[in-house]
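Here's the structure we're looking at; comments come further down.
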């Protein structure tokens with residue numbers, strides 16, 4: 032059977048890894064290629080670059096990051112952030128990414144999912160979804176980094192994503208993101224049950240056991256975290272050892 | 140020199156990156172003379188079977204590839220592995236290269252997600268030089284919706300996904316095929332590629 036995947040995510044701006052503000056109030060800055068290589072050594076099953084660059088020139092820098100990473104990291108690479116057109120998808124894949132992750136643009140223009148899947152194959156189209164609870168077991172979809180409520184029902188949206196041909200969903204809960212109290216299991220379970228494509232859990236991992244818990248309590252395929260790995264509170268290897276000790280199949 | 144046969148298929152740069160990283164001299168090429176001069180050949184591929192065969196036919200390389208695959212180490216990767224078989228059944232029946240006995244058909248696992256995508260464990264069926272130095276629990280990265288149906292003697296390794304999915308196949312001589320992407324399978328994949336690069340005629 033397939034191994035459950037542990038995925039570190041790197042936020043990249045203008046070709047540098049950025050992280051809000053850490054405990055001492057210092058902005059962490061790093062080389063994304065080196066960070067990706069380090070995660071690769073730790074046993075990451077996949078690496079996600081999330082491009083938070085706003086400018087057009089910045090995109091070119093991101094593609095260089097992908098190109099350089101693909102020369103020394105031999106696990107799948109996913110690039111998200113700012114991908115709005117089929118040409119953006121093509122450029123990103125040609126630079127060496129294996130998948131792209133589309134989010135706000137897919138909500139605004141769902142045809143992007145279908146066009147991307149038709150041209151490049153479902154396996155390279157991941158749709159990122161940010162959602163927040165409005166009532167028990169009811170969530171709506173947000174765009175622009177969680178700033179705009181689209182009043183779109185989460186379950187309706189994920190079913191549509193699958194129907195449009197996406198290969199995977201990366202589900203981020205705005206309610207648990209940054210809280211570090213574990214993944215949003217009710218939301219995760221609702222989405223996993225609604226679709227038949229792999230779902231990546233995102234948002235909320237704060238301690239070692241949170242990953243295994245997501246795999247034990249839902250049928251999600253992968254779990255993603257950024258800060259936890261970035262600030263070296265945990266390594267990918269430690270998370271995998273914990274999962275393995277609980278009988279979960281990991282690489 | 141390893142020739143990576145470039146007939147317009149997808150993942151050639153990842154294969155090249157991996158060989159460069161391993162320090163193996165290689166060349167992306169669609170030229171007959173390069174294929175003939177090479178010490179070993181890699182046939183990559185992403186896409187659909189009939190499309191890939193038609194591109195190979197258009198490039199005029201089919202006969203050269205078939206002939207050279209008998210003379211030196213040859214590896215098909217992903218769709219490139221599927222093309223090794225006699226026939227493919229993706230959208231329409233289509234002749235393959237006929238280097239390994241068998242055919243390719245849609246994976247039929249109603250309870251499982253298709254494509255089979257992710258890391259799965261290699262189960263060795265018959266030892267072969269590509270497995271030199273591998274441990275017991277080795278995972279490799281798959282992305283595919285079709286699989287090979289072949290004879291046990293040609294099946295070197297498989298993985299379990301509902302049923303047995305051929306992962307490494309071969310003709311017992313120079314021809315090898317990997318259904319997974321060794322160039323995306325971390326250290327395990329690099330070891331397999333290195334083992335391939337070290338094969339000699």
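Residue numbers (this note's numbering), protein chains in the order written: chain A, 32 to 282; chain B, 140 to 340.
Using N, Cα and C, we set each Cβ at its ideal position, and we do this for glycine too.
inquiry  = I want to verify the contact list: residues of chain B whose CB lies under 9 Å from the CB of residue 76 of chain A, in sequence order.
reply    = Those are 257, 258, 278, 280, 325, listed as they occur along chain B.
message = Below 8 Å on C-beta distance, what does residue 106 of chain A contact in chain B?
response = Simply 280, 323, 324, 325.
ask   = Which residues in the same chain as residue 211 of chain B place their Cβ atom closer than 8 Å to its Cβ, once the five residues preceding and following it in sequence are excluded?
value = Listed in chain order, the non-local C-beta contacts of residue 211 of chain B below 8 Å within the same chain comprise 177, 178, 179, 180, 313, 340, local neighbours out to five positions each way being set aside.
key: Interface partners of residue 304 of chain A on chain B, CB under 7 Å   = Because chain A is modelled from 32 through 282, residue 304 of chain A falls outside the range shown and cannot be assessed.
ask   = Using the C-alpha atoms, what's the distance from residue 111 of chain A back to residue 135 of chain A?
value = Roughly 11 Å between the two C-alpha positions.
query = residue 129 of chain A versus chain B: which residues are under 7 Å apart at the beta carbon?
reply = Correct list: 323.
ask   = Are the C-beta of residue 275 of chain A and some C-beta of chain B separated by less than 7 Å?
value = False, the Cβ-Cβ gap to chain B never drops below 7 Å.
key: Alpha-carbon to alpha-carbon, residue 191 of chain A and residue 278 of chain A   = Spanning the two alpha carbons is a distance of roughly 34 Å.
task = Go ahead and label residue 331 of chain B buried or exposed: buried means 16 or more other beta carbons lie within 10 angstroms of its beta carbon, across all protein chains shown.
result = Under this definition residue 331 of chain B is a buried residue.
query = In chain B, what lies closer than 9 Å to residue 143 of chain A by C-beta?
reply = Under the 9 Å cutoff, chain B gives no residues; its nearest Cβ is about 20 Å from residue 143 of chain A.
query = Mind pulling the chain B residues with CB within less than 7 Å of residue 282 of chain A?
reply = Listed by position along chain B, the residues whose Cβ is nearer than 7 Å to that of residue 282 of chain A are 258, 278.
request  = Give a yes or no on whether the minimum CB-CB distance between residue 34 of chain A and chain B is below 7 Å.
outcome  = It does: the Cβ of residue 34 of chain A has a partner Cβ on chain B nearer than 7 Å.
Proximity to residue 234 of chain A [Cα-Cα], best of A:109, A:194, A:163 = Comparing Cα positions, the closest option is A:163.
inquiry  = Determine, for residue 157 of chain B, whether the minimum Cβ-Cβ distance to residues of chain A falls below 7 Å.
reply    = By this cut-off, residue 157 of chain B is an interface position.
key: DSSP three-state assignment for residue 322 of chain B, whether helix, strand or coil   = Helix.
ask   = Going along the chain, which unbroken runs of the alpha helix (DSSP H) with 4 or more residues stay wholly within the stretch 221-270 of chain A?
value = Taken in chain order, the whole alpha helix (DSSP H) runs of length 4 or more contained in the stretch 221-270 of chain A are 240-248, 258-261.
ask   = Going along the chain, which unbroken runs of the beta strand (DSSP E) with 3 or more residues stay wholly within the stretch 203-250 of chain B?
value = Within the stretch 203-250 of chain B, the runs of beta strand (DSSP E) at least 3 residues long that lie entirely inside it are, in chain order, 213-216, 224-227, 239-245.
inquiry  = Using beta carbons (cut-off 7 Å, strictly below), is residue 101 of chain A in contact with chain B?
reply    = It does: the Cβ of residue 101 of chain A has a partner Cβ on chain B nearer than 7 Å.
inquiry  = Please classify residue 60 of chain A as buried or exposed, where buried requires at least 16 neighbouring CB atoms within 10 angstroms.
reply    = Counting other Cβ atoms within 10 Å of its Cβ, residue 60 of chain A stays below 16 and is therefore classed as exposed.
request  = Return helix, strand or coil for residue 146 of chain A, following the three-state DSSP convention.
outcome  = In the three-state scheme derived from DSSP, where H, G and I count as helix and E and B as strand, residue 146 of chain A is classed as helix.
message = Closest to residue 84 of chain A by C-alpha separation, out of A:41, A:106, A:108, would be which residue?
response = Checking every option, the nearest Cα to that of residue 84 of chain A belongs to A:41.
Close-in-space but distant-in-sequence residues of the same chain around residue 276 of chain A (CB under 6 Å, 5 per side omitted) = In the same chain as residue 276 of chain A, and ignoring 5 residues on each side of it, no C-beta atom comes closer than 6 Å to its own.
query = Where does the unbroken beta strand (DSSP E) through residue 171 of chain A begin, and where does it stop?
reply = Where residue 171 of chain A is concerned, the enclosing beta strand (DSSP E) stretches over 169-174.
task = Please state if the CB of residue 107 of chain A and the CB of residue 323 of chain B are separated by a distance shorter than 7 Å.
result = Contact flag set, yes.
key: Own chain residues within Cβ distance below 6 Å of residue 241 of chain B, not counting five before or after   = These residues qualify, in order along the chain: 224, 287, 288, 289.
query = Residues in its own chain within less than 7 Å of residue 199 of chain A by CB, not counting five upstream and five downstream?
reply = Taken in chain order, the residues that qualify are 157, 228, 229, 231.
ask   = Is the stretch 235-249 of chain B close to the stretch 244-262 of chain A, with three or more CB pairs under 8 Å?
value = Result no; under three Cβ-Cβ pairs closer than 8 Å.
task = Would you mind working out which of A:103, A:105, A:100, A:151 sits nearest residue 116 of chain A, comparing C-alpha positions?
result = Minimum Cα-Cα distance from residue 116 of chain A among the listed residues A:103, A:105, A:100, A:151 corresponds to A:151.
message = Counting only beta-carbon separations shorter than 7 Å, does residue 73 of chain A have a partner in chain B?
response = So no, residue 73 of chain A is outside the interface.
key: Nearest candidate by alpha-carbon position, reference residue 183 of chain B, set B:147, B:171, B:228   = Comparing alpha-carbon positions, the option among B:147, B:171, B:228 lying closest to residue 183 of chain B turns out to be B:147.
task = Would you kindly check if the distance between the Cβ of residue 187 of chain A and the Cβ of residue 177 of chain A is under 7 Å?
result = Not closer than 7 Å, so no.
ask   = Is the number of C-beta pairs between the stretch 159-175 of chain B and the stretch 257-277 of chain B that are closer than 8 Å three or more?
value = By the criterion of at least three beta-carbon pairs nearer than 8 Å, the stretch 159-175 of chain B is not in contact with the stretch 257-277 of chain B.
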